[in-house]
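Asker:
Number of protein chains: 2
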Amino acid sequence: MNTALPTPTVFRRKSLHEELTDAIREQIVNGDLAPGIRVPEKNLCTFYGVSRTPLREALKVLATEGLLSLEPNRGAWVSRITPEDLDEVFPVMGALEALSGELACKHITDPEIGRIRVLHRQMLKHYDKRELSKYFEVNQKIHEAILEAARNDTLATQYRSLAARVRRARYVANMTQERWKQATDEHEQIMECLETRDGKRLSQVLKDHLENKLETVRQWLQDNRDPG
Amino acid sequence: MNTALPTPTVFRRKSLHEELTDAIREQIVNGDLAPGIRVPEKNLCTFYGVSRTPLREALKVLATEGLLSLEPNRGAWVSRITPEDLDEVFPVMGALEALSGELACKHITDPEIGRIRVLHRQMLKHYDKRELSKYFEVNQKIHEAILEAARNDTLATQYRSLAARVRRARYVANMTQERWKQATDEHEQIMECLETRDGKRLSQVLKDHLENKLETVRQWLQDNRDPG
DNA sequence: AATGTGAATTATGAATGCATTTTGACGGCA
DNA sequence: TGCCGTCAAAATGCATTCATAATTCACATT
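Line by line, the protein sequences are chains A and B. Numbering-wise (my numbering), the first sequence opens with residue 2 and increments by one. Numbering-wise (my numbering), the second sequence opens with residue 2 and increments by one.
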């Protein structure tokens, strides 16, 4: 019998606090829990049918991820998104995404490029039909695929954490036709860079792409700022 | 009466779990809790004289920071440092440090440059006397000051988190005379870039500087790898 | 009307207790 | 000797309970 195991598939049940973390993170990123609102422990406890102990552990984690703000003896809020936040987060995301482009070009395989090409075509179809939410879903998969191709979990974790903070802004609907067009053009360039493995150029394109996005988010924030 | 408050000095007592997080993080980064060892809750509870509830919250946070590994029902370990980790972490740190250099050149004030210049001179003195630990203490202050000058808390947080993971390697003693010389030369360049506000060049210098450091850490890891 | 006081209510902080899982020693057995 | 299965001890997961701080709201004061 062969005792040498293949790629070790680790079995790992999630504990309750971990599932809670994921579930609440989802709620925040989706916008079910809007930026700025209070998050009383009791509410979430009854909502999820759990006791406060694992829930509080989850809140601590989400706070370190920057999605919640905790104040001792005063509870938790969903972190607000301010223009200053954006000005901080986007440069960092830019640096990370640029790196992911460079690394992806080093490590990506032809089949992977093929899969991204498929996603790219899907995305263009959604663009033609102006299917905004489907467009964005595929769009996100493309960026995720590039991140995967970079073969760097540390990078992926850090990037996703920042991306989650930004994604809470429901800016998508705010994209102008012009910006949308520009974004698809940039995605065309992204494909070219991947296929020619031009890491230097890809990192620059991704950075510019993010600049474009920043403008859309900024605009959204201006249109949706709440007086609280 | 003037209702406009000056810079709002926020009073904020730390809660127990937060203090625990800081204390244990310190223990890990200092090497009091060595990479790979188990961290039973009970031990830390008796050590700090607290109950398990706040302690467990602290463990969760440190796990998301990457300093601990948690496995359901099996407890916590101090994360090991593998060569693969270094190959992941250093490129990301490089990207972040490069950004910090660029931003610092944009925002840094003359007095700040002056203070860094003072630190720089101190560091050179320690170098001349071969005072390794003092050298590193000041060295770290310089990098911290640059990070401060970048005026980006998100960047600072992310960078510090990664830096903490690396700092656990007690690689300092491992630095060769040659590398030490090279490091001080690079710091000379860093000062030049700051004084001329040459962000592009500074970001490159910082990246190279980090490459140098990576080699030292790699060497340390090779010399100190444990068969566990 | 604006501000101040204080008791009642509510929410969070932390300790304890119970259930479940893991660990590791021991002994049977091939 | 080496391999399993069993069971007690220990550790962790979660719920509950107690302690403490914050908030609310009624009422008094200016």
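The beta-carbon is built from N, C-alpha and C at its ideal position, and this holds for glycine as well.
Provide the residue span of the beta strand (DSSP E) that contains Glu72 (chain A), from first to last.
Answerer: The count along the first sequence starts at 1 and reaches residue 72 (chain A) at position 71. Element bounds for Glu72 (chain A): Leu69 to Glu72.
Asker: Ignore the nearest five residues each way along the sequence and tell me which others in Arg53 (chain A)'s own chain have a CB closer than 7 Å to its CB.
Answerer: Here the question's residue 53 (chain A) lines up with position 52 in the first sequence. Contacts found: Glu42 and Cys46.
Asker: Which residues in chain A have a C-beta closer than 8 Å to the C-beta of Ser70 (chain B)? List them in chain order.
Answerer: Position 69 of the second sequence, counted from the first residue, corresponds to residue 70 (chain B). Within chain A, no residue comes near Ser70 (chain B); the closest Cβ sits about 11 Å away, beyond 8 Å.
Asker: Do three or more CB pairs link the stretch 25 to 32 of chain A to the stretch 164 to 174 of chain A at distances below 8 Å?
Answerer: The stretch 25 to 32 of chain A vs the stretch 164 to 174 of chain A: in contact.
Asker: Can you pull the chain B neighbours of Val1 (chain A), defined as C-beta to C-beta under 8 Å?
Answerer: In the structure as shown, chain A begins at 2 and stops at 229. Residue 1 (chain A) is therefore absent and cannot be evaluated.
Asker: So Arg14 (chain A) contacts chain B; which residues on that side make the cut at Cβ distance below 9 Å?
Answerer: Reading the first sequence from its first residue, position 13 is the one you call residue 14 (chain A). Near Arg14 (chain A) (Cβ distances below 9 Å), the residues of chain B are Pro73 and Asn74.
Asker: By the DSSP assignment, the beta strand (DSSP E) with Ile51 (chain B) in it spans what residues?
Answerer: Numbered from its first residue, the second sequence carries residue 51 (chain B) at position 50. This sequence places Val at residue 51 (chain B); Ile is not what is there. Note, Val51 (chain B): premise wrong, no beta strand (DSSP E); not H, not E.
Asker: So, helix, strand or coil for Gly115 (chain A), using DSSP?
Answerer: On the first sequence, position 114 is the one that residue 115 (chain A) refers to. In the structure shown, Gly115 (chain A) sits in a helix (DSSP, three-state: H, G or I).
Asker: Taking 8 Å as the threshold, find out whether the stretch 93 to 102 of chain A comes into contact with the stretch 95 to 102 of chain B through three or more Cβ pairs.
Answerer: Result yes; three or more Cβ-Cβ pairs closer than 8 Å.
Asker: Can you give the Cα-Cα distance for Leu207 (chain B) and Ile191 (chain B), rounded to whole angstroms?
Answerer: In the second sequence, counting from the first residue as 1, residue 207 (chain B) sits at position 206. In the second sequence, counting from the first residue as 1, residue 191 (chain B) sits at position 190. Cα-Cα distance, rounded: 7 Å.
Asker: Short check: CB of Leu120 (chain A) to CB of Val139 (chain A), under 8 Å?
Answerer: Position 119 of the first sequence, counted from the first residue, corresponds to residue 120 (chain A). Position 138 of the first sequence, counted from the first residue, corresponds to residue 139 (chain A). Yes; because the gap between Cβ atoms is below 8 Å, this pair is in contact.
Asker: Report yes if the C-beta distance between Arg122 (chain A) and Glu58 (chain B) is below 8 Å; otherwise report no.
Answerer: Position 121 of the first sequence holds residue 122 (chain A). Position 57 of the second sequence holds residue 58 (chain B). Cβ atoms of Arg122 (chain A) and Glu58 (chain B): not closer than 8 Å.
Asker: Counting along the chain, where does the beta strand (DSSP E) carrying Val79 (chain B) start and finish?
Answerer: Walking along the second sequence from the start, residue 79 (chain B) turns up at place 78. First-last of the beta strand (DSSP E) with Val79 (chain B): Gly76 to Val79.
Asker: List, in order along the chain, the chain B residues whose C-beta lies closer than 8 Å to that of Glu89 (chain A)?
Answerer: Here the question's residue 89 (chain A) lines up with position 88 in the first sequence. Ordered by position in chain B, the residues that pass the 8 Å Cβ test against Glu89 (chain A) are Asn153, Asp154, Thr155 and Leu156.
Asker: Does Ile38 (chain B) pass the burial test, meaning 16 or more other C-beta atoms within 10 Å, or should it be called exposed?
Answerer: Locating residue 38 (chain B) in the second sequence gives position 37, where the first residue counts as 1. When all chains shown are included, Ile38 (chain B) counts as exposed.
Asker: Can you tell which of B:Asn153, B:Gln178 and B:Gln220 has the C-alpha that lies nearest to the C-alpha of Pro84 (chain A)?
Answerer: Within the first sequence, numbered from 1, the residue matching residue 84 (chain A) stands at position 83. Pro84 (chain A) has its Cα closest to that of B:Asn153, out of B:Asn153, B:Gln178 and B:Gln220.
Asker: So, is the C-beta of Lys61 (chain A) closer than 8 Å to a C-beta in chain B?
Answerer: Taking the first residue of the first sequence as 1, we reach residue 61 (chain A) at position 60. It does; some Cβ of chain B falls within 8 Å.
Asker: Among B:Leu133, B:Thr155, B:Trp78 and B:Glu132, whose alpha-carbon lies nearest the alpha-carbon of Asp86 (chain A)?
Answerer: Position 85 of the first sequence, counted from the start, is the residue given in the question as residue 86 (chain A). The shortest C-alpha separation from Asp86 (chain A) is found at B:Thr155.
Asker: Applying the criterion that 16 or more other CB atoms from any shown protein chain within 10 Å of the CB defines a buried residue, is Glu19 (chain B) buried or exposed?
Answerer: Counting from one through the second sequence, the residue named residue 19 (chain B) turns up at place 18. With 16 or more other Cβ atoms within 10 Å, it is buried.
Asker: Can you give me the start and stop residues for the alpha helix (DSSP H) that Ile25 (chain A) sits inside?
Answerer: In the first sequence, counting from the first residue as 1, residue 25 (chain A) sits at position 24. Residues Leu17 to Asn31.
Asker: Could you check where the alpha helix (DSSP H) with Lys182 (chain B) kicks off and where it finishes?
Answerer: Counting from one through the second sequence, the residue named residue 182 (chain B) turns up at place 181. Looking at the DSSP string, the run of the alpha helix (DSSP H) that includes Lys182 (chain B) is Gln178 to Thr197.
Asker: Answer with yes or no whether the minimum CB distance from Glu193 (chain A) to chain B is below 8 Å.
Answerer: Taking the first sequence and counting its residues from 1, the one referred to as residue 193 (chain A) is at position 192. It does not: the Cβ of Glu193 (chain A) has no partner Cβ on chain B nearer than 8 Å.
Asker: Apart from the five residues on each side of it in sequence, which residues of its chain come closer than 7 Å, Cβ to Cβ, to Pro55 (chain B)?
Answerer: Reading the second sequence from its first residue, position 54 is the one you call residue 55 (chain B). Taken in chain order, the residues that qualify are Leu17, His18 and Leu21.
Asker: Would the beta-carbon of His121 (chain A) be found less than 7 Å away from any heavy atom of the ligand NAP?
Answerer: For the ligand NAP, the structure offers nothing, since it holds no ligand at all.
Asker: Would you say the stretch 140 to 151 of chain B touches the stretch 103 to 120 of chain B, given that touching needs at least three Cβ pairs under 8 Å?
Answerer: Segments in contact, yes.
Asker: Taking the alpha helix (DSSP H) that Ala157 (chain B) belongs to, which residues open and close that run?
Answerer: By one-based count along the second sequence, residue 157 (chain B) stands at place 156. It spans Asp154 to Arg168 - the alpha helix (DSSP H) in which Ala157 (chain B) sits, taken as one unbroken run.
Asker: Who are the Cβ neighbours of Ile109 (chain B) in its own chain at under 7 Å, not counting the five residues just before and after it?
Answerer: The residue given as residue 109 (chain B) occupies position 108 in the second sequence. Only Ala150 and Leu195 meet the Cβ criterion.
Asker: Under three-state DSSP, which class holds Val40 (chain A)?
Answerer: As a working note, residue 40 (chain A) is residue 39 in the first sequence. Note: Val40 (chain A) maps to coil in three-state DSSP.
Asker: In chain order, what residues of the same chain lie with their CB nearer than 6 Å to the CB of Ala64 (chain A), ignoring the 5 residues before and after it?
Answerer: Position 63 of the first sequence, counted from the first residue, corresponds to residue 64 (chain A). Only Leu71 meet the Cβ criterion.
Asker: Would you mind sorting Thr217 (chain B) into buried or exposed? The rule is 16 or more other CB atoms within 10 Å of its CB.
Answerer: As a first step, residue 217 (chain B) must be located in the second sequence, where it is residue number 216. Buried.
Asker: Please state if the CB of Ala77 (chain A) and the CB of Leu104 (chain A) are separated by a distance shorter than 8 Å.
Answerer: Numbered from its first residue, the first sequence carries residue 104 (chain A) at position 103. Numbered from its first residue, the first sequence carries residue 77 (chain A) at position 76. No.
Asker: What residues from chain A crowd round Glu66 (chain B), counting only those whose CB sits closer than 9 Å?
Answerer: Your numbering for residue 66 (chain B) matches position 65 in the second sequence. Those within 9 Å of Glu66 (chain B) in chain A are Thr65.
Asker: Report yes or no: is there a C-beta of chain A within less than 8 Å of the C-beta of His18 (chain B)?
Answerer: Position 17 of the second sequence holds residue 18 (chain B). Yes, contact with chain A.
Asker: Under 8 Å between the Cβ atoms of Ala165 (chain A) and Leu68 (chain A)?
Answerer: Residue mapping note: residue 165 (chain A) aligns to position 164 of the first sequence, counting from 1. Residue mapping note: residue 68 (chain A) aligns to position 67 of the first sequence, counting from 1. In contact: Ala165 (chain A) and Leu68 (chain A) (Cβ atoms closer than 8 Å).
Asker: Is it the case that the Cβ atoms of Val62 (chain B) and Val62 (chain A) are separated by a distance below 8 Å?
Answerer: Position 61 of the second sequence holds residue 62 (chain B). Position 61 of the first sequence holds residue 62 (chain A). Yes, the Cβ-Cβ distance between Val62 (chain B) and Val62 (chain A) is below 8 Å.
Asker: Please report how far the alpha carbon of Arg202 (chain A) lies from the alpha carbon of Gly50 (chain B), in whole angstroms.
Answerer: Within the first sequence, numbered from 1, the residue matching residue 202 (chain A) stands at position 201. Within the second sequence, numbered from 1, the residue matching residue 50 (chain B) stands at position 49. Roughly 55 Å between the two C-alpha positions.
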